[in-house]
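J.:
Residue numbers (my numbering): 16 to 332.
#1: Rounded to a whole number of angstroms, what is the C-alpha to C-alpha distance between residue 198 and residue 316?
#2: If you reduce the DSSP assignment to three classes, tell me which class residue 309 lands in.
#3: Can you tell me whether DSSP reads residue 132 as helix, strand or coil?
#4: If we require 4 or more residues per run, which alpha helix (DSSP H) segments fall completely within the stretch 148-218?
#5: Give every residue of the same chain whose Cβ lies closer than 8 Å to the Cβ of residue 152, excluding the five residues on either side of it in the sequence, and list them in chain order.
#6: Between which two residues does the beta strand (DSSP E) carrying residue 250 extend?
#7: Skipping 5 residues on each side, what residues in its chain have a beta carbon closer than 7 Å to that of residue 278?
#8: Could you spell out where the alpha helix (DSSP H) holding residue 296 opens and where it closes?
#9: Give the C-beta separation of residue 267 and residue 217 to the nearest angstrom, bearing in mind that I take them to be a contact with Cβ-Cβ under 8 Å.
#10: Determine the contact status of residue 244 and residue 208, defining contact as a CB-CB distance below 7 Å.
#11: What is the DSSP secondary structure of residue 282, counted as helix, strand or coil?
#12: Could you check if residue 310 is buried or exposed, using at least 16 other CB atoms within 10 Å of its CB as the buried criterion?
#13: The beta strand (DSSP E) spanning residue 125 covers which residue range?
#14: Under 8 Å, with one C-beta from each stretch per pair, do the stretch 71-88 and the stretch 106-121 reach the 3-pair mark?
#15: Select from 294, 264, 223, 144 the residue whose C-alpha is nearest the C-alpha of residue 168.
#16: Just curious, the beta strand (DSSP E) that residue 97 is in, first and last residue?
#17: Can you list, in chain order, the residues of its chain with a C-beta nearer than 7 Å to that of residue 292? Leave out the 5 residues immediately preceding and following it.
#18: How many angstroms separate the CA atom of residue 239 from the CA atom of residue 191?
#19: Would you mind stating whether residue 271 and residue 248 have Cβ atoms separated by less than 7 Å?
#20: Among the residues of its own chain, which have a CB less than 7 Å from the CB of residue 281, if the five just before and after it don't count?
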């Protein structure tokens, strides 16, 4: 084991010296080795969300263990678990999921959860804080290092279909404004962070409707809290117009990526996303984390998911 960076670079230079055509002088070797390491491109590991199989509509694909096994068979590196998909939260079951992932050779890399902090009701906000802390502990029990959080929505849309029909835009509750909402979200997430740090679970605020509908909204919250245990989960499919500039704004603080595909046409909408372009803008920020597929197409998931994996492997290679 190398005791210092200098020893490692010296060893790397010694290996390079065995190749006569690329050999440099002894004085140049450490610098050349360091430059080569800095420029080396590392492919992102590709995960899949269990949501991609279930989509809230394929009940025969709801079982999380089954999704983990299918993910491994399809060739994914890791699995993200959607909390709402789980039908069992006992400690024994959480450990069973961890074991299933291990024996199938995949990581459990993300835990996707829902919160609702956009309410003037302090007790309701506290209930969501308590639930989020419980989710953090669940992620810890499963050995999952990252967890998606969101602001929640105002709840003034009739349902999710109505929200999507209005392009994710909704009015605040009567008598309140987005300014009120931002303070509620900031205060609530701050109360979750001590547990996140204690458990070693990095929270990523997603561009997921509500006050997270814009990059400015997400970054306003993350910057105001200014805590290393709250960063950004970037969803490639949640900016319905001009996505690339908006994704680029979030990229510097991104610790987790959810990549949507729409094979067979989207369930609510379709976007023609240029994944090589998205991969490039993330690489410019030296993003080396997971890219997790969220398949949201109408094609049979057992067909559309492997096709999506090929697309993401090619773009993020």
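Even glycine gets a Cβ: it sits at the ideal position worked out from N, Cα and C.
For clarity, every value in this text was computed on a predicted model and none was experimentally measured.
T.: Well, looking at it:
#1: Here the question's residue 198 lines up with position 183 in the chain shown. Here the question's residue 316 lines up with position 301 in the chain shown. In a straight line, the C-alpha of residue 198 is about 39 Å away from that of residue 316.
#2: Within the chain shown, residue 309 is the residue found at index 294, counting from 1. DSSP places residue 309 in strand when its eight states are reduced to three.
#3: What you label residue 132 is simply residue 117 of the chain shown in a count that begins at 1. Reduced to three states, the DSSP call for residue 132 is coil.
#4: 175-180, 193-214
#5: By 1-based counting over the chain shown, the position of residue 152 is 137. Residues 210, 214 of the same chain have their beta carbon placed closer than 8 Å to that of residue 152, with the five preceding and five following residues left out of the count.
#6: Numbered from 1 along the chain shown, position 235 holds the residue referred to as residue 250. Segment 245-250, the beta strand (DSSP E) holding residue 250.
#7: For the purposes of this step, residue 278 is taken as the residue at position 263 of the chain shown. Excluding residues within five positions, the ones whose Cβ falls inside 7 Å are 312, 314, 319, 322, 323.
#8: Position 281 of the chain shown holds residue 296. Start and end: 290-298.
#9: As a working note, residue 267 is residue 252 in the chain shown. As a working note, residue 217 is residue 202 in the chain shown. Not quite, the Cβ-Cβ distance comes to about 15 Å (not below 8 Å), so this is no contact.
#10: In the chain shown, the residue the question calls residue 244 occupies position 229. In the chain shown, the residue the question calls residue 208 occupies position 193. Taking 7 Å as the Cβ cut-off, residue 244 and residue 208 qualify as a contacting pair.
#11: Position 267 of the chain shown holds residue 282. Reduced to three states, the DSSP call for residue 282 is coil.
#12: Within the chain shown, residue 310 is the residue found at index 295, counting from 1. Result: buried.
#13: As a working note, residue 125 is residue 110 in the chain shown. Counting along the chain, the beta strand (DSSP E) containing residue 125 begins and ends at 122-127.
#14: yes
#15: Taking the chain shown and counting its residues from 1, one reaches residue 168 at position 153. Distance check between residue 168 and each of 294, 264, 223, 144 places 223 closest, using alpha-carbon atoms only.
#16: The sequence position of residue 97 within the chain shown is 82, counting from 1. 93-97 is the extent of the beta strand (DSSP E) around residue 97.
#17: Position 277 of the chain shown, counting from 1, holds the residue named residue 292. Contacts found: 259.
#18: Taking the chain shown and counting its residues from 1, one reaches residue 239 at position 224. Taking the chain shown and counting its residues from 1, one reaches residue 191 at position 176. Each residue's alpha carbon lies about 20 Å from the other.
#19: Your numbering for residue 271 matches position 256 in the chain shown. Your numbering for residue 248 matches position 233 in the chain shown. Contact annotation: residue 271 and residue 248 have beta-carbon atoms nearer than 7 Å.
#20: Looking up residue 281 in the chain shown gives position 266. Contacts found: 311, 312.
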